[in-house]
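In full-length UniProt numbering, the protein residues as written are 1 to 257.
Here a beta-carbon is modelled for each residue, glycine too, at the ideal position from N, C-alpha and C.
First the structure, in the form of structure tokens, and then the observations on it.
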Amino acid sequence: MKGKGGNVGSRFPLSFWEVGAASSVVLGFVLCLLGVYQTMPASDYSFLKLPRTLEDLQILSMMWMLFCRDHLETYTIDYTAQVLVWYCVVYISMQTFMIPGTVFMSLLAGALFGVLKGVALVVFTATAGASSCYFLSKLIGRPLVFSLWPDKLSFFQEQVARRRGGLLNYMLFLRLTPTLPNTFINVASPIVDVPYHIFFLATLIGLIPAAYVTVKAGTALGELQSIGDLYDFNSIATLFLIGIISITPTLMSKSKS
Numbered sequence: 001m002k003g004k005g006g007n008v009g010s011r012f013p014l015s016f017w018e019v020g021a022a023s024s025v026v027l028g029f030v031l032c033l034l035g036v037y038q039t040m041p042a043s044d045y046s047f048l049k050l051p052r053t054l055e056d057l058q059i060l061s062m063m064w065m066l067f068c069r070d071h072l073e074t075y076t077i078d079y080t081a082q083v084l085v086w087y088c089v090v091y092i093s094m095q096t097f098m099i100p101g102t103v104f105m106s107l108l109a110g111a112l113f114g115v116l117k118g119v120a121l122v123v124f125t126a127t128a129g130a131s132s133c134y135f136l137s138k139l140i141g142r143p144l145v146f147s148l149w150p151d152k153l154s155f156f157q158e159q160v161a162r163r164r165g166g167l168l169n170y171m172l173f174l175r176l177t178p179t180l181p182n183t184f185i186n187v188a189s190p191i192v193d194v195p196y197h198i199f200f201l202a203t204l205i206g207l208i209p210a211a212y213v214t215v216k217a218g219t220a221l222g223e224l225q226s227i228g229d230l231y232d233f234n235s236i237a238t239l240f241l242i243g244i245i246s247i248t249p250t251l252m253s254k255s256k257s
């Protein structure tokens with residue numbers, strides 16, 4: 001691995017064709033975002049900007065609530081589809097290109113759609129975005145991962161090789177606990193030969209608990225003082241417990257062998 005990564009520093013890590021492919025993907029997402037933006041009602045979409053801070057999100061939620069109070073029935077009938085498409089395109093784009101801020105989008109889902117619909121929306125968009133990132137990394141990510149996270153990649157590759165028999169449980173454990181960042185898992189999984197069906201199932205199932213915690217917090221957005229309020233000790237302990245349960249079958253099978 002060191003030999004492969006050693007050449008990266010002496011030259012640009014991507015070839016001309018890889019840069020072209022990546023640029024095409026970026027252009028496609030940009031055109032989608034512009035298309036969604038242009039189709040939003042001119043009088044209504046001015047407040048629908050991407051939230052970058054908790055304060056931005058609180059302001060956005062408050063404006064939405066005021067808007068819904070006066071125009072809920074009309075807006076639901078006429079523009080709900082546009083809002084859902086806008087949300088999905090933005091969230092998937094952020095996941096694909098590793099743009100920070102998806103936690104704010106998850107909070108927004110709770111504020112706008114409630115717990116049940118919000119969790120379903122977040123899990124769908126997060127899984128779609130992670131899958132998009134997986135395939136983009138499979139196409140052009142190897143030199144970038146080697147240059148950005150060589151130590152984490154070595155650790156991840158070793159763990160995946162050791163746990164081939166119970167890889168789904170291990171990937172679930174990673175999704176449920178903050179052992180490795182989700183962004184790194186999305187990018188590195190195709191590099192260390194995690195099969196897509198394992199990646200997909202672990203992502204779809206493993207993101208549900210954290211999505212529930214964040215979306216539920218979004219329903220009481222005005223009470224949040226900081227992002228730290230999202231994950232108290234009980235929430236983190238619960239996620240770790242679920243993660244440990246998910247990997248227990250693998251550990252037991254290893255001990256029997």
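Item                                                                                                                                                                               : Value
Please classify residue 84: does DSSP put it in a helix, a strand, or coil?                                                                                                        : helix
Rounded to a whole number of angstroms, what is the C-alpha to C-alpha distance between residue 119 and residue 79?                                                                : 21 Å
Leaving aside the five residues before and after residue 76 along the sequence, list all residues of the same chain whose C-beta is less than 7 Å from its C-beta, in chain order. : Unreliable positioning characterises residue 76 in this predicted model, as indicated by a pLDDT of 44, which lies under 50. The coordinate reading is nonetheless provided below. No residues qualify anywhere along the chain.
Going by beta carbon distance, what residues of the same chain come within less than 8 Å of residue 205, once the five residues before and after it are set aside?                 : 172 and 175
For residue 147, report the span of its alpha helix (DSSP H) as first-last.                                                                                                        : 142-148
Would you kindly check if the distance between the Cβ of residue 115 and the Cβ of residue 216 is under 8 Å?                                                                       : yes
Assign residue 201 to one of three DSSP states: helix, strand, or coil.                                                                                                            : helix
Assuming residue 218 and residue 128 are in contact, meaning their beta carbons sit under 8 Å apart, how far apart are those beta carbons, in whole angstroms?                     : With 8 Å as the limit, residue 218 and residue 128 do not qualify as a contact, their Cβ atoms being about 20 Å apart.
If I follow the unbroken alpha helix (DSSP H) through residue 175, where does it start and stop?                                                                                   : 167-176
Alpha carbon to alpha carbon, how far is residue 165 from residue 94? Give it in angstroms, no decimals.                                                                           : 32 Å
State buried or exposed for residue 207, treating a residue as buried only when at least 16 other CB atoms are found within 10 Å of its CB.                                        : buried
So, residue 99 versus residue 132, is the Cβ gap smaller than 8 Å?                                                                                                                 : no
Can you find the residues in the same chain that come closer than 8 Å, C-beta to C-beta, to residue 88, ignoring five residues on each side of it along the sequence?              : 121, 124, 125 and 128
Whole angstroms are fine: how far does the CA of residue 157 sit from the CA of residue 201?                                                                                       : 19 Å
What are the start and end residues of the alpha helix (DSSP H) that includes residue 184?                                                                                         : 182-188
Near residue 25, what residues of its chain come up, given a Cβ to Cβ distance below 7 Å and the 5 sequence neighbours on each side ignored?                                       : 136
In angstroms with no decimal places, state the Cα-to-Cα distance between residue 29 and residue 178.                                                                               : 29 Å
Please identify the residue among 130, 19, 196 and 184 whose C-alpha is closest to the C-alpha of residue 151.                                                                     : 184
Looking at the unbroken alpha helix (DSSP H) that takes in residue 217, where does it start and where does it end?                                                                 : 208-218
Are the beta-carbon atoms belonging to residue 194 and residue 167 less than 8 Å from one another?                                                                                 : yes
So what does DSSP say about residue 192, is it helix, strand or coil?                                                                                                              : coil
Indicate the three-state DSSP secondary structure (helix, strand or coil) for residue 104 in the structure shown.                                                                  : helix
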